[in-house]
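Student: So the sequence lines, in the order shown, correspond to chains D and E.
Sequential numbering from 4 applies to the first sequence in the working numbering.
Sequential numbering from 4 applies to the second sequence in the working numbering.
Sharing a structure here in structure tokens format.
Protein chains: 2
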Amino acid sequence: MKLTVVGLGLIGGSMAIDLRKSRFAKEIIGVDNRPEHADEAVRLGIVDRVTDFEQGIKEADLILLALPVDQIIALLPKVLDLISPSSTVADVGSTKRQIVASIADHPLRGNFVATHPMAGTENSGPGAAISGLFSGKLTIVCDHEQSRPQHLALVEKMYQSLGMSTAYMSSDEQDHTTAFVSHLPHAAAFALANAVLAKEDGSIIFDLASGGFQSTVRLAKSSPEMWAPIFRQNRDYVIEAVNAYIHHLKDFREALKDDEQDHLIKLILEANKIRTVLSGESTSMTKNEATIVKLYTKK
Amino acid sequence: MKLTVVGLGLIGGSMAIDLRKSRFAKEIIGVDNRPEHADEAVRLGIVDRVTDFEQGIKEADLILLALPVDQIIALLPKVLDLISPSSTVADVGSTKRQIVASIADHPLRGNFVATHPMAGTENSGPGAAISGLFSGKLTIVCDHEQSRPQHLALVEKMYQSLGMSTAYMSSDEQDHTTAFVSHLPHAAAFALANAVLAKEDGSIIFDLASGGFQSTVRLAKSSPEMWAPIFRQNRDYVIEAVNAYIHHLKDFREALKDDEQDHLIKLILEANKIRTVLSGESTSMTKNEATIVKLYTKK
Numbered sequence: 004m005k006l007t008v009v010g011l012g013l014i015g016g017s018m019a020i021d022l023r024k025s026r027f028a029k030e031i032i033g034v035d036n037r038p039e040h041a042d043e044a045v046r047l048g049i050v051d052r053v054t055d056f057e058q059g060i061k062e063a064d065l066i067l068l069a070l071p072v073d074q075i076i077a078l079l080p081k082v083l084d085l086i087s088p089s090s091t092v093a094d095v096g097s098t099k100r101q102i103v104a105s106i107a108d109h110p111l112r113g114n115f116v117a118t119h120p121m122a123g124t125e126n127s128g129p130g131a132a133i134s135g136l137f138s139g140k141l142t143i144v145c146d147h148e149q150s151r152p153q154h155l156a157l158v159e160k161m162y163q164s165l166g167m168s169t170a171y172m173s174s175d176e177q178d179h180t181t182a183f184v185s186h187l188p189h190a191a192a193f194a195l196a197n198a199v200l201a202k203e204d205g206s207i208i209f210d211l212a213s214g215g216f217q218s219t220v221r222l223a224k225s226s227p228e229m230w231a232p233i234f235r236q237n238r239d240y241v242i243e244a245v246n247a248y249i250h251h252l253k254d255f256r257e258a259l260k261d262d263e264q265d266h267l268i269k270l271i272l273e274a275n276k277i278r279t280v281l282s283g284e285s286t287s288m289t290k291n292e293a294t295i296v297k298l299y300t301k302k
Numbered sequence: 004m005k006l007t008v009v010g011l012g013l014i015g016g017s018m019a020i021d022l023r024k025s026r027f028a029k030e031i032i033g034v035d036n037r038p039e040h041a042d043e044a045v046r047l048g049i050v051d052r053v054t055d056f057e058q059g060i061k062e063a064d065l066i067l068l069a070l071p072v073d074q075i076i077a078l079l080p081k082v083l084d085l086i087s088p089s090s091t092v093a094d095v096g097s098t099k100r101q102i103v104a105s106i107a108d109h110p111l112r113g114n115f116v117a118t119h120p121m122a123g124t125e126n127s128g129p130g131a132a133i134s135g136l137f138s139g140k141l142t143i144v145c146d147h148e149q150s151r152p153q154h155l156a157l158v159e160k161m162y163q164s165l166g167m168s169t170a171y172m173s174s175d176e177q178d179h180t181t182a183f184v185s186h187l188p189h190a191a192a193f194a195l196a197n198a199v200l201a202k203e204d205g206s207i208i209f210d211l212a213s214g215g216f217q218s219t220v221r222l223a224k225s226s227p228e229m230w231a232p233i234f235r236q237n238r239d240y241v242i243e244a245v246n247a248y249i250h251h252l253k254d255f256r257e258a259l260k261d262d263e264q265d266h267l268i269k270l271i272l273e274a275n276k277i278r279t280v281l282s283g284e285s286t287s288m289t290k291n292e293a294t295i296v297k298l299y300t301k302k
């Protein structure tokens, strides 16, 4: 199978590395409009060769768009114009509603599979690509009933070969949930970094930042090229999430202001539940299980 | 040297482990009002033996108070009442103004050294104690001119034997800086956990939480026994820090609402500076170096 990866950054590069390892792809072609990224990807052995956009699209069985979400929207219709009618296209963007809307009426809409593999680091570029980034993680497949079964099956097989499981949601559900679980934590980290940087001297931050602060602001190192378009495309839900967050911060602040110790302890105990949830041991979910099955197993 | 550790949790336990390893302490006595913690600390070999509070204080050369900050305030005056005039007492609490105020007029004030070793994890209890927790980290020593030189020297030597460096600040400076660099990140994580838990189903959070969300909310697992008293004792500065944080979140939200892409990108680029600051490569600090030296090297 001939795979073309458009965008040789952290995500595209890491996928290429492991899709070669798993023998899912026999030949991997790279496309990147930044010559230095293209050169680096070849030098690091991430792709077999690089070519121009049109050539890369035309000759592949599967085209993977691993670009910032604004560039996905700009390129996706062109990609569907260029492919042979039997080729498959998938994107890996963090937002989905605007991306699927951009090709809703395209005659080859069924060749496209909208996906969001939930993995990443705060680093970018082909040099940041690593093996194992996706293993054990989850990919959200959106509006899968809009994709023809063969194309869906090939993309599912690809994620399976990366060691990932797949969940099925509408684009709207994915954008809403991702606003809370991924976009909000990034917004929170950016604002936390800015609040601390505005107040404290850099040397003091460096000296006093124990592991706690470092892990909380880690996402604040993420690039604006990737994140500004995500926030923009998911604006309504991100604003909803930030508002909910500000509401909880104010609740905390008021409990502190009014010295309501019981309420403060209650807020901390509530937050502590995230330990159980993240360990996957939570049992409080059982009553909602039916909904989740519906959400996740439309397949 | 005979060391008594009052409070055999994560911090007290981890210090005991490495103070034995470094041969700083020959004998380590444990005091904990929770019998199960006391038993566990003996079973794990963290302390040589446990004894009651009064006995533990009376027979030690150095007493380390590793307790939640409300308990430090409750016990510190009693500890100074009990010690022999040549013994040294240090606390490891995250707040300092109220703690030093509680014994400001005690005849043995000079035997006490107020410190804050900047290290920890989100776990608690003697079972969470680990070797190496403090190595390479920094301890803030507060109002050191109030401690007699011998007692200061012994406590500095103890932190040195843990592989830590020491910085010198007033209690007020430490409480203000710590509000931003440590207490705010905890408040931010508690509120983030609550915002996401209130909106999303636990199973979805578990499935979709990639590394990014997990690291951002990690501190939300921290215990209310430790954190409610910290927030309470540092209330004014924590409220200042939370207000600054809400201000930056609102700034982000407005940029998004008004679709001001340039401003949004500027906010992200500003936040990205945390990468340089945390790597210690920041050069923008040079102009402030004089201030920092003053802050840090009063010793």
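Glycine included, every Cβ here is placed at the ideal spot set by N, Cα and C.
So, using beta-carbon positions, are I75 of chain D and I102 of chain D closer together than 7 Å?
Tutor: Locating residue 75 of chain D in the first sequence gives position 72, where the first residue counts as 1. Locating residue 102 of chain D in the first sequence gives position 99, where the first residue counts as 1. Yes, the Cβ-Cβ distance between I75 of chain D and I102 of chain D is below 7 Å.
Student: Can you pull the chain D neighbours of R100 of chain E, defined as C-beta to C-beta under 8 Å?
Tutor: Within the second sequence, the letter at position 97 stands for residue 100 of chain E. Result: empty, since nearest Cβ-Cβ is about 16 Å, beyond 8 Å.
Student: Please confirm whether F183 of chain D and K260 of chain E have their CB atoms less than 7 Å apart.
Tutor: In the first sequence, counting from the first residue as 1, residue 183 of chain D sits at position 180. In the second sequence, counting from the first residue as 1, residue 260 of chain E sits at position 257. No, the pair does not count as a contact, with Cβ atoms beyond the cut-off.
Student: Taking V72 of chain E and A93 of chain E to be in contact with their CB atoms under 8 Å, please state how far apart those CB atoms are, rounded to whole angstroms.
Tutor: Taking the second sequence and counting its residues from 1, the one referred to as residue 72 of chain E is at position 69. Taking the second sequence and counting its residues from 1, the one referred to as residue 93 of chain E is at position 90. 14 Å between Cβ atoms; not a contact.
Student: Hey, out of E:V158, E:K61, E:I207, whose CA is closest to Q177 of chain D's CA?
Tutor: Position 174 of the first sequence, counted from the first residue, corresponds to residue 177 of chain D. Ranking the options by Cα distance to Q177 of chain D, first place goes to E:I207.
Student: In the DSSP assignment, find the beta strand (DSSP E) that holds V310 of chain E and state where it starts and stops.
Tutor: In the structure displayed, chain E extends from 4 to 302; residue 310 of chain E sits before or after that span and is not available.
Student: Around the Cβ of P38 of chain D, are there at least 16 other Cβ atoms within 10 angstroms (buried) or fewer (exposed)?
Tutor: If you number the first sequence from 1, residue 38 of chain D lands on position 35. Counting Cβ neighbours within 10 Å, P38 of chain D comes out exposed, since fewer than 16 surround it.
Student: Within its chain, find whatever has a CB closer than 8 Å to the CB of L298 of chain D; leave out the 5 residues flanking it on each side and keep chain order.
Tutor: Within the first sequence, numbered from 1, the residue matching residue 298 of chain D stands at position 295. Only weak support exists for where L298 of chain D lies, its pLDDT of 47 falling under 50; the value from the coordinates is given anyway. Cβ within range, chain order: A170, Y171, M172, E176.
Student: Counting beta carbon pairs with one atom in the segment 84-91 of chain D and one in the segment 243-255 of chain D, are three or more of them shorter than 8 Å?
Tutor: No, the segment 243-255 of chain D does not touch the segment 84-91 of chain D.
Student: What does DSSP give as the partner residue(s) for D94 of chain E in the beta ladder?
Tutor: On the second sequence, residue 94 of chain E is found 91 positions in, with the first residue counted as 1. Paired residue(s): E:L68, E:A117.
Student: Please return the same chain residues whose Cβ sits closer than 8 Å to the Cβ of R235 of chain D, not counting the five positions on each side in sequence.
Tutor: Here residue 235 of chain D refers to the residue found at position 232 when the first sequence is read from its first residue. The answer, listed in chain order, is D73.
Student: CB A223 of chain E to CB I277 of chain D, shorter than 7 Å?
Tutor: Counted from its first residue, the second sequence places residue 223 of chain E at position 220. Counted from its first residue, the first sequence places residue 277 of chain D at position 274. Taking 7 Å as the Cβ cut-off, A223 of chain E and I277 of chain D qualify as a contacting pair.
Student: Would you please verify whether the beta carbon of N291 of chain D is less than 7 Å from any beta carbon of chain E?
Tutor: By one-based count along the first sequence, residue 291 of chain D stands at place 288. With a pLDDT of 36 at N291 of chain D, under the threshold of 50, the modelled position of that residue is not reliable, and the figure given next carries that caveat. Chain E, which has a Cβ nearer than 7 Å to the Cβ of N291 of chain D, makes this yes.
Student: Relative to chain E, which residues along the segment 186-198 of chain D have a C-beta separation below 9 Å, given in chain order?
Tutor: The segment 186-198 of chain D vs chain E, Cβ under 9 Å: L187, P188, H189, A190, A191, A192, F193, A194, L195, A196, N197, A198.
Student: With a cut-off of 7 Å, does the C-beta of P227 of chain D fall near any C-beta of chain E?
Tutor: Translated into the one-based positions of the first sequence, residue 227 of chain D becomes position 224. Yes - at least one Cβ of chain E is within 7 Å of the one on P227 of chain D.
Student: Select from D:G128, D:D108, D:T118 the residue whose C-alpha is nearest the C-alpha of L141 of chain D.
Tutor: Here residue 141 of chain D refers to the residue found at position 138 of the first sequence. Measuring from the Cα of L141 of chain D, the nearest candidate turns out to be D:T118.
Student: Quick one: which chain D residues come within Cβ less than 8 Å of T118 of chain E?
Tutor: Here residue 118 of chain E refers to the residue found at position 115 of the second sequence. In chain order: nothing, as chain D lies at least about 13 Å away.
Student: Which chain D residues are close to S218 of chain E, counting only those with a beta carbon under 7 Å from its beta carbon?
Tutor: Indexing the second sequence from 1 puts residue 218 of chain E at position 215. Here the neighbours are S218, R221.
Student: What separation, rounded to the nearest whole angstrom, lies between the Cα atoms of E148 of chain D and S174 of chain D?
Tutor: Position 145 of the first sequence, counted from the start, is the residue given in the question as residue 148 of chain D. Position 171 of the first sequence, counted from the start, is the residue given in the question as residue 174 of chain D. Using only the alpha carbons, I get a separation of about 11 Å.
Student: Tell me the residue span of the beta strand (DSSP E) that contains R5 of chain D.
Tutor: The residue you call residue 5 of chain D lines up with position 2 of the first sequence. Reading off the sequence, residue 5 of chain D comes out as Lys, not Arg. Counting along the chain, the beta strand (DSSP E) containing K5 of chain D begins and ends at 5-9.
Student: Give me whichever residues DSSP pairs with R52 of chain D in a beta bridge.
Tutor: Indexing the first sequence from 1 puts residue 52 of chain D at position 49. DSSP output for R52 of chain D lists D:I32 as bridge partner(s).
Student: Does the beta carbon of M121 of chain D sit closer than 7 Å to a beta carbon anywhere in chain E?
Tutor: The residue labelled residue 121 of chain D in the question sits at position 118 within the first sequence. It does: the Cβ of M121 of chain D has a partner Cβ on chain E nearer than 7 Å.
Student: Checking the sheet assignment: what are the DSSP bridge partners for I143 of chain D?
Tutor: By 1-based counting over the first sequence, the position of residue 143 of chain D is 140. Beta-bridge pairing links I143 of chain D to D:H119, D:A170.
Student: Our contact map puts G113 of chain D next to S150 of chain D with C-beta atoms below 8 Å; I'd like the distance itself, whole angstroms only.
Tutor: Walking along the first sequence from the start, residue 113 of chain D turns up at place 110. Walking along the first sequence from the start, residue 150 of chain D turns up at place 147. G113 of chain D to S150 of chain D, Cβ: 6 Å. Contact.
Student: Alpha helix (DSSP H) containing P129 of chain D: first to last residue?
Tutor: The residue given as residue 129 of chain D occupies position 126 in the first sequence. Per DSSP, P129 of chain D belongs to no alpha helix (DSSP H) and is neither H nor E.
Student: Taking the continuous alpha helix (DSSP H) assigned at P38 of chain D, which residues delimit it?
Tutor: As a position in the first sequence, residue 38 of chain D is number 35, starting the count at 1. Run containing P38 of chain D: 38-46, per the alpha helix (DSSP H) assignment.
Student: Looking at C-beta atoms only, is the number of pairs between the segment 43-55 of chain D and the segment 148-168 of chain D that lie closer than 8 Å three or more?
Tutor: Too few Cβ pairs lie closer than 8 Å, so no.
Student: Between E30 of chain D and P129 of chain D, is the Cβ-Cβ spacing less than 7 Å?
Tutor: For the purposes of this step, residue 30 of chain D is identified with residue 27 of the first sequence, where counting begins at 1. For the purposes of this step, residue 129 of chain D is identified with residue 126 of the first sequence, where counting begins at 1. Not in contact: E30 of chain D and P129 of chain D (Cβ atoms no closer than 7 Å).
Student: Would you mind stating whether E125 of chain E and S225 of chain E have Cβ atoms separated by less than 7 Å?
Tutor: Numbered from its first residue, the second sequence carries residue 125 of chain E at position 122. Numbered from its first residue, the second sequence carries residue 225 of chain E at position 222. Their beta carbons are under 7 Å apart, which means E125 of chain E touches S225 of chain E by this criterion.
Student: Check each candidate in E:S168, E:D55, E:N237 and name the one with the smallest Cα separation from V144 of chain E.
Tutor: Here residue 144 of chain E refers to the residue found at position 141 when the second sequence is read from its first residue. Checking every option, the nearest Cα to that of V144 of chain E belongs to E:S168.
Student: What does V144 of chain D reach in chain E if we use C-beta pairs closer than 8 Å?
Tutor: Counted from its first residue, the first sequence places residue 144 of chain D at position 141. Neighbours of V144 of chain D on chain E: none; closest Cβ ~13 Å, over 8 Å.
Student: Thinking C-alpha only, which one of D:E273, D:K24, D:N36, D:A212 is nearest F137 of chain D?
Tutor: Position 134 of the first sequence, counted from the start, is the residue given in the question as residue 137 of chain D. Cα-wise, what sits closest to F137 of chain D is D:K24.
Student: Closest by CA to Y248 of chain E, which one among D:N197, D:H154, D:D204?
Tutor: As a first step, residue 248 of chain E is located in the second sequence; it is residue number 245 there, counting from the start. When only C-alpha atoms are compared, the closest one is D:N197.
Student: Closer than 8 Å by C-beta to K160 of chain E: which residues in its own chain qualify, once you throw out the five before and the five after it? Chain order, please.
Tutor: As a position in the second sequence, residue 160 of chain E is number 157, starting the count at 1. Within the same chain, K160 of chain E has close Cβ partners F27.
Student: Less than 7 Å between the C-beta atoms of A192 of chain D and L252 of chain E, yes or no?
Tutor: Translated into the one-based positions of the first sequence, residue 192 of chain D becomes position 189. Translated into the one-based positions of the second sequence, residue 252 of chain E becomes position 249. No, these two residues do not count as a Cβ contact at 7 Å.
Student: Just to confirm, does K29 of chain E get its C-beta within under 6 Å of one of the non-hydrogen atoms of the ligand PLP?
Tutor: Absence of the ligand PLP from the depicted structure is noted, as is the absence of any ligand whatsoever, leaving it without description.
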